[in-house]
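**Student:** Letter by letter, the sequence shown follows residues 934 to 1067 in my numbering.
This structure is in C-alpha coordinates; I'll ask about it shortly.
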Amino acid sequence: MKTIRKIDYYVQLILGSLMLLSISFLFFYGCLSGLFILGCWQLLSAVFNTKAFIFTGHSKQEMGYWIFCITDLTILFLSGYFAKTFNAGIVQVFIWIAMSGAVIIAIYYLKIYNDLIQFFSLRDELDGLTKSKH
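Structure, rendered in C-alpha coordinates:
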(Lines of atoms letter the chains of each structure in order from A and count residues from 1; the text may use other names and numbers.)
(Lines give C-alpha, C1' and ligand atoms only; values in the text may rest on other atoms or scores of the structure.)
Protein backbone atom coordinates (compact mmCIF):
# COMPACT_ATOMS: atom_id res chain seq x y z
CA MET A 1 0.00 0.00 0.00
CA LYS A 2 2.93 2.31 0.69
CA THR A 3 4.10 1.89 -2.92
CA ILE A 4 0.69 2.91 -4.25
CA ARG A 5 0.73 5.99 -2.01
CA LYS A 6 4.20 6.93 -3.24
CA ILE A 7 3.09 6.56 -6.87
CA ASP A 8 0.00 8.65 -6.11
CA TYR A 9 2.14 11.32 -4.42
CA TYR A 10 4.64 11.53 -7.29
CA VAL A 11 1.88 11.69 -9.92
CA GLN A 12 0.35 14.59 -7.99
CA LEU A 13 3.75 16.26 -7.80
CA ILE A 14 4.25 15.83 -11.56
CA LEU A 15 0.76 17.20 -12.28
CA GLY A 16 1.46 20.22 -10.09
CA SER A 17 4.78 20.84 -11.81
CA LEU A 18 3.21 20.54 -15.26
CA MET A 19 0.46 22.90 -14.16
CA LEU A 20 2.99 25.54 -13.15
CA LEU A 21 5.16 25.01 -16.23
CA SER A 22 2.15 25.36 -18.53
CA ILE A 23 1.70 28.99 -17.54
CA SER A 24 4.51 30.05 -19.85
CA PHE A 25 2.94 28.73 -23.07
CA LEU A 26 -0.74 28.04 -22.30
CA PHE A 27 -1.15 31.02 -20.00
CA PHE A 28 -3.81 30.67 -17.34
CA TYR A 29 -5.95 28.23 -19.32
CA GLY A 30 -3.37 25.48 -18.96
CA CYS A 31 -2.81 26.32 -15.32
CA LEU A 32 -6.52 26.28 -14.53
CA SER A 33 -7.02 23.03 -16.44
CA GLY A 34 -4.13 21.48 -14.55
CA LEU A 35 -5.49 22.83 -11.28
CA PHE A 36 -8.87 21.25 -12.02
CA ILE A 37 -7.29 17.86 -12.79
CA LEU A 38 -4.97 18.05 -9.76
CA GLY A 39 -7.83 19.14 -7.50
CA CYS A 40 -10.03 16.24 -8.60
CA TRP A 41 -7.14 13.81 -8.20
CA GLN A 42 -6.38 15.12 -4.71
CA LEU A 43 -10.01 14.94 -3.65
CA LEU A 44 -10.13 11.27 -4.67
CA SER A 45 -6.81 10.65 -2.93
CA ALA A 46 -8.06 12.34 0.22
CA VAL A 47 -11.26 10.29 0.20
CA PHE A 48 -9.30 7.05 -0.02
CA ASN A 49 -6.66 8.11 2.52
CA THR A 50 -8.83 9.78 5.17
CA LYS A 51 -9.00 6.59 7.22
CA ALA A 52 -5.19 6.28 7.15
CA PHE A 53 -4.80 9.92 8.20
CA ILE A 54 -7.16 9.42 11.14
CA PHE A 55 -5.59 6.20 12.42
CA THR A 56 -2.03 7.54 12.20
CA GLY A 57 -2.70 10.67 14.26
CA HIS A 58 -2.87 13.09 11.33
CA SER A 59 -6.58 13.71 11.72
CA LYS A 60 -6.18 17.42 12.57
CA GLN A 61 -4.31 18.06 9.32
CA GLU A 62 -6.82 16.04 7.30
CA MET A 63 -9.79 17.84 8.86
CA GLY A 64 -8.08 21.13 8.06
CA TYR A 65 -7.74 20.01 4.45
CA TRP A 66 -11.44 19.13 4.22
CA ILE A 67 -12.49 22.42 5.82
CA PHE A 68 -10.29 24.38 3.41
CA CYS A 69 -11.68 22.44 0.43
CA ILE A 70 -15.30 22.93 1.42
CA THR A 71 -14.73 26.64 2.05
CA ASP A 72 -12.93 27.09 -1.26
CA LEU A 73 -15.55 25.19 -3.25
CA THR A 74 -18.30 27.18 -1.52
CA ILE A 75 -16.66 30.47 -2.53
CA LEU A 76 -16.27 29.20 -6.09
CA PHE A 77 -19.85 28.00 -6.46
CA LEU A 78 -21.34 31.08 -4.80
CA SER A 79 -19.31 33.24 -7.19
CA GLY A 80 -20.91 31.42 -10.11
CA TYR A 81 -24.34 31.66 -8.50
CA PHE A 82 -24.08 35.41 -7.85
CA ALA A 83 -22.51 36.19 -11.24
CA LYS A 84 -25.87 37.29 -12.65
CA THR A 85 -26.74 39.43 -9.65
CA PHE A 86 -23.54 41.31 -8.87
CA ASN A 87 -21.00 43.28 -10.85
CA ALA A 88 -18.65 41.06 -12.88
CA GLY A 89 -15.59 42.70 -11.32
CA ILE A 90 -16.66 41.79 -7.80
CA VAL A 91 -17.42 38.21 -8.80
CA GLN A 92 -14.07 37.94 -10.57
CA VAL A 93 -12.28 38.93 -7.34
CA PHE A 94 -13.93 36.05 -5.50
CA ILE A 95 -13.12 33.61 -8.32
CA TRP A 96 -9.45 34.61 -8.16
CA ILE A 97 -9.50 34.21 -4.38
CA ALA A 98 -10.92 30.69 -4.82
CA MET A 99 -8.34 29.81 -7.48
CA SER A 100 -5.47 31.10 -5.34
CA GLY A 101 -6.86 29.18 -2.40
CA ALA A 102 -7.01 26.03 -4.52
CA VAL A 103 -3.30 26.30 -5.31
CA ILE A 104 -2.49 26.74 -1.61
CA ILE A 105 -4.73 23.78 -0.71
CA ALA A 106 -3.02 21.61 -3.32
CA ILE A 107 0.39 22.42 -1.86
CA TYR A 108 -0.93 21.80 1.67
CA TYR A 109 -2.29 18.39 0.70
CA LEU A 110 1.04 17.42 -0.90
CA LYS A 111 2.78 18.34 2.36
CA ILE A 112 0.47 16.36 4.65
CA TYR A 113 0.41 13.43 2.22
CA ASN A 114 4.21 13.36 2.22
CA ASP A 115 4.11 13.39 6.04
CA LEU A 116 1.79 10.38 5.97
CA ILE A 117 4.07 8.47 3.60
CA GLN A 118 7.09 9.29 5.78
CA PHE A 119 5.17 8.05 8.84
CA PHE A 120 4.49 4.72 7.14
CA SER A 121 8.12 4.43 6.02
CA LEU A 122 9.37 5.11 9.53
CA ARG A 123 6.89 2.66 11.03
CA ASP A 124 7.97 -0.07 8.58
CA GLU A 125 11.61 0.60 9.39
CA LEU A 126 10.95 0.40 13.12
CA ASP A 127 8.93 -2.79 12.68
CA GLY A 128 11.88 -4.30 10.80
CA LEU A 129 14.26 -3.36 13.61
CA THR A 130 12.08 -4.81 16.35
CA LYS A 131 11.50 -8.05 14.43
CA SER A 132 15.22 -8.55 13.82
CA LYS A 133 16.02 -8.47 17.54
CA HIS A 134 13.79 -11.44 18.36
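Built from N, CA and C at the ideal position, the CB exists for glycine as well.
Take Thr983 and list the residues in its own chain whose beta-carbon comes closer than 7 angstroms to its own, dropping the five residues that flank it on each side.
**Tutor:** Same-chain partners within the cutoff: Glu995.
**Student:** So what's Asn982 in DSSP terms, helix, strand or just coil?
**Tutor:** Note: Asn982 maps to helix in three-state DSSP.
**Student:** CA-CA distance, Leu1006 and Phe1019?
**Tutor:** Taking the straight line joining both Cα atoms gives about 19 angstroms.
**Student:** Is Ala1031 near Ser1012, with beta carbons less than 8 angstroms apart?
**Tutor:** Yes. Within cutoff.
**Student:** Start and end of the alpha helix (DSSP H) containing Thr1007?
**Tutor:** It spans Ser992 to Tyr1014 - the alpha helix (DSSP H) in which Thr1007 sits, taken as one unbroken run.
**Student:** Quick one: grab the DSSP three-state call for Met1032.
**Tutor:** Three-state DSSP puts Met1032 in a helix.
**Student:** Under 8 angstroms: do the segment 965–978 and the segment 945–953 share three or more Cβ pairs, one atom per stretch?
**Tutor:** Segments in contact, yes.
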